[in-house]
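Accompanying notes for the structure given below.
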Amino acid sequence: MRPPLDIKIGDILLLRKPHPCGGSEWEVYRIGADIGLRCRTCGRCVLLPRFRVESRVKRITRPPG
Ligand SMILES: [Zn+2]
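With our numbering applied, the sequence shown covers 480 to 544.
Written as C-alpha cells, this is what we have:
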C-alpha cells in the first residue's frame with residue numbers, strides 16, 4: 480500500500496497521460512473526494528477522483544511561497 484499523496488491547492492502535477500491538447504502539467508485548484516485540475520497548456524478544468532489522480536501522477540511540483 481502506498482501512502483496517500485500530499486497534494487495541495489496550487490501544486491503542479493505532471494501526469495503520465497497527457498491531455499489531448501498535448502499538455503501534461505496540471506494545476507490543482509480544488510481538493511476533496513475529487514481533485515480539480517486545470518490544464519496548464521489549454522486551461523481546461525477537470526474533476527477526477529483522488530485515486531485516479533494518484534495513479535496517474537508522475538511528479539508533484541510545489542511552487543515556492
Ligand atoms: Zn489541455
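The beta carbon of each residue, even a glycine, is placed where N, CA and C say it ideally should be.
Sorted by chain position, which residues of the same chain lie with C-beta nearer than 7 angstroms to residue i's C-beta, five sequence neighbours on each side aside?
{"i": "R495", "result": "R535 and K537"}
Going along the chain, which residues of its own chain have a beta-carbon closer than 6 angstroms to the beta-carbon of residue i, five neighbours each way excluded?
{"i": "I514", "result": "L527, R529 and V532"}
{"i": "H498", "result": "C518"}
{"i": "T520", "result": "C500 and G502"}
{"i": "R541", "result": "D490"}
Which residue from the options puts its Cα closest to that of residue i?
{"i": "I511", "options": "L484, S503 and G501", "result": "Here residue 511 is Gly; the residue named in the question, Ile, does not match the sequence. Looking at the Cα atoms, L484 is the closest of the given residues."}
{"i": "G489", "options": "R523, V525 and R509", "result": "R509"}
For residue i and residue j, I'd like the C-alpha separation in whole angstroms.
{"i": "E506", "j": "C500", "result": "15 angstroms"}
{"i": "L516", "j": "P482", "result": "21 angstroms"}
{"i": "P543", "j": "I486", "result": "15 angstroms"}
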